[in-house]
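Some notes on the structure that comes next.
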Amino acid sequence: MENPFGKITTLEKVLELFSNGMTLMFGGFGGVGTPPTLIDGILEKGIRDITLIGNDTGFPHIGIGKLVSQERAVKVIASHIGSNPIAGKLMHEGRLEVEFSPQGILAERIRAGGVGLPAILSDIGMDNELVSKNKPHFLLNGKDYLIETALTAEVSIVYAKKADPYGNLIYDKSARNTNPLVAMAGDITIAEVEEIVPLGSLDPDEIITPGVFVDHIIPSKGVNWKWAWE
Amino acid sequence: MGLGVDFRNTIAKRAAEEIHNGMVVNLGIGIPSLVPNHLPKNMMVMFHAENGITGMGPSPEKGMEDENLCNAGGFPVTLNPGGSYCDSAVAFGMIRRGRVDITILGSLQVSAQGDLANWIVPGKKVPGMGGAMELAQKARKVIVLMNHCDKAGNPKIVTSCTLPLTSAACVDMIITELAVFKVTPDGLLLTELFAPYDLQIVANRTECDFMVSDTIRKIAN
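Set out below in structure tokens:
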């Protein structure tokens, strides 16, 4: 495959971008659409003290859940940890800080980060202390809103079905989920993809994430976990 | 005091009556997931999932699952004709913009004012709110399907929720194995009773007062 933008690379090469104490944003929803090869690479490299940002903590052996179960994270910003009991256990023991954000607001905070906005105004969960605690309010047209800050990360990892050498991405069905948002919000974005196709072979009308947002592309070894429904 | 499958289906069948052709509907886990089984075959309903599916179809046959086509709970589904995928931000845009007609969900407690508490048991279970707050606050109609009492026999329909709220004053209708209530500005209004229960049994198992409709519909089991 021609590599005119130098974006197509290897797992070994991109692992140099990961370090202890980093902020890491990940695509996926219940493990669906979370990049398996990158997760395993991060585990094997021994990266720890990570601040994770993403929809949920997967399942103990699925998706980002693997990093959480092996206690590689110090903090998680997510909407849900219920499918990963180890995350709940670590939280109760004070070994994992969890910041909960309502799911759609979390997605929108990530999107805001990805499109260069500092914050959004939200009326979701205003009467809930866990959501509203320590957040500034803003009065707009006589109505009270919470200021929800945008989220970005040092590195974003996403899982796509196809990429061309520029990093234009298309996703597979519901595995799209948070990936297009996460792809925009990384200072560095790495796409793990099932297939790399020649430049010009993706229908421009069907590209979901423009390659502008993607810095590195690596081939995926595919999902290597057993799903909860299997 | 778990409910048998028949009771669960009785509740789901009643909830299905609220769904009309062309609606966009989001279903929670548990009893709500049984609702589609009770819809007329030719009815066109767009089932919505928070991860980014509009037009979800039934579970695939065993062996036909697609790991990249799952509902918000992570279980394989199918896509009906006219269905589409979007990212999660757009999926929640549909909710907040008022394009989701009905959300049907379970709950731990509902108050007489329609306050919903369905996401946290302090000190026990802190799973996170997921998409429940947005759905409860912004879906056009919020229907709660639940057992009338919890496993210990405590009423789940209460004067004021003791569990942390998902959202205040958001519930429009409650359907349990005993009765159907509408939430009105003046409190709960019992409109329907499931056989063989009577008003006294409902009153005994409900913590708050409720009004009773002039014409109570009695639904056979």
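Which chain is which? The protein sequence lines are A and B, in order.
Numbering-wise (the numbering used here), the first sequence opens with residue 133 and increments by one.
Numbering-wise (the numbering used here), the second sequence opens with residue -3 and increments by one.
Glycine is no exception: its CB is placed at the ideal position from the N, C-alpha and C atoms.
Fair warning: this is a prediction, and the values are worked out from it, not measured in the lab.
Asked, Found
"Using DSSP bridges, identify the partner residues of T50 of chain B.", "B:H44, B:S80"
"Relative to the C-alpha of E327 of chain A, which candidate in A:L228, A:D296, A:G162, A:L199 has its C-alpha closest?", "A:D296"
"Quick check on M125 of chain B: does DSSP put it in helix, strand or coil?", "coil"
"Within the continuous beta strand (DSSP E) that includes A323 of chain A, where are the two ends?", "318 to 328"
"With DSSP as the reference, label R241 of chain A as helix, strand or coil.", "helix"
"Alpha carbon to alpha carbon, what distance is there between G102 of chain B and G(-2) of chain B?", "Low local confidence applies: a pLDDT of 49 at G(-2) of chain B is under 50, so the model's placement there is unreliable, and no value is given."
"Distance check for L249 of chain A and A307 of chain A, CA to CA, integer angstroms please.", "26 Å"
"When the Cβ atoms of the region 109 to 125 of chain B are set against those of the region 344 to 360 of chain A, are three or more pairs found closer than 8 Å?", "no"
"According to DSSP, what are the bridge partners of A292 of chain A?", "A:V325"
"So which residues of chain B does G274 of chain A contact, with C-beta pairs closer than 8 Å?", "Under the 8 Å cutoff, chain B gives no residues; its nearest Cβ is about 19 Å from G274 of chain A."
"Would the C-beta of P351 of chain A count as close to the ligand SAH, meaning under 7 Å from any of its heavy atoms?", "Inclusion of the ligand SAH in the displayed structure is not the case, the ligand content being empty and no account of it being possible."
"How would you list, in chain order, the residues of chain A whose beta-carbon sits under 7 Å from the beta-carbon of Q133 of chain B?", "I256"
"Does any residue of chain A bring its CB to less than 8 Å from the CB of M142 of chain B?", "no"
"Please confirm if V179 of chain B has its CB atom under 8 Å from at least one CB of chain A.", "no"
"Under a Cβ-count criterion, where at least 16 other Cβ atoms within 10 Å of its own Cβ denotes burial, should E261 of chain A be classed as buried or exposed?", "exposed"
"Thinking C-alpha only, which one of A:D276, A:V263, A:T281, A:F232 is nearest R241 of chain A?", "A:T281"
"Using beta carbons (cut-off 8 Å, strictly below), is H212 of chain A in contact with chain D?", "Absent from the structure is chain D; the protein chains it does hold are A and B."
"Is F270 of chain A helix, strand or coil by DSSP?", "strand"
"Which residue wins for smallest C-alpha separation from D255 of chain A, given the options A:L272, A:R204, A:G245, A:A244?", "A:L272"
"Does G236 of chain A have its Cβ less than 8 Å from a Cβ in chain B?", "yes"
"Could you round the C-beta distance between G190 of chain A and N309 of chain A to whole angstroms and report it? I think they count as a contact, below 8 Å.", "Going by Cβ atoms, the distance from G190 of chain A to N309 of chain A rounds to 12 Å, so no, they are not a contact pair."
"Alpha carbon to alpha carbon, what distance is there between D188 of chain A and I213 of chain A?", "6 Å"
"May I have the straight-line CA-CA distance separating E286 of chain A from F3 of chain B, to the nearest angstrom?", "51 Å"
"Can you name, in chain order, every residue of its own chain whose Cβ lies under 7 Å from the Cβ of N114 of chain B, other than the five neighbours on each side?", "L101, G102, S103, L104, A128, T162"
"Would you please verify whether the beta carbon of V164 of chain A is less than 8 Å from any beta carbon of chain B?", "yes"
"With burial defined as no fewer than 16 other Cβ atoms inside 10 Å of the residue's Cβ, what is the status of V164 of chain A: buried or exposed?", "buried"
"Determine the direct distance from the alpha carbon of G197 of chain A to that of R201 of chain B, and round the result to whole angstroms.", "41 Å"
"Going by the beta-carbon positions, is the gap between L283 of chain A and I209 of chain A smaller than 8 Å?", "yes"
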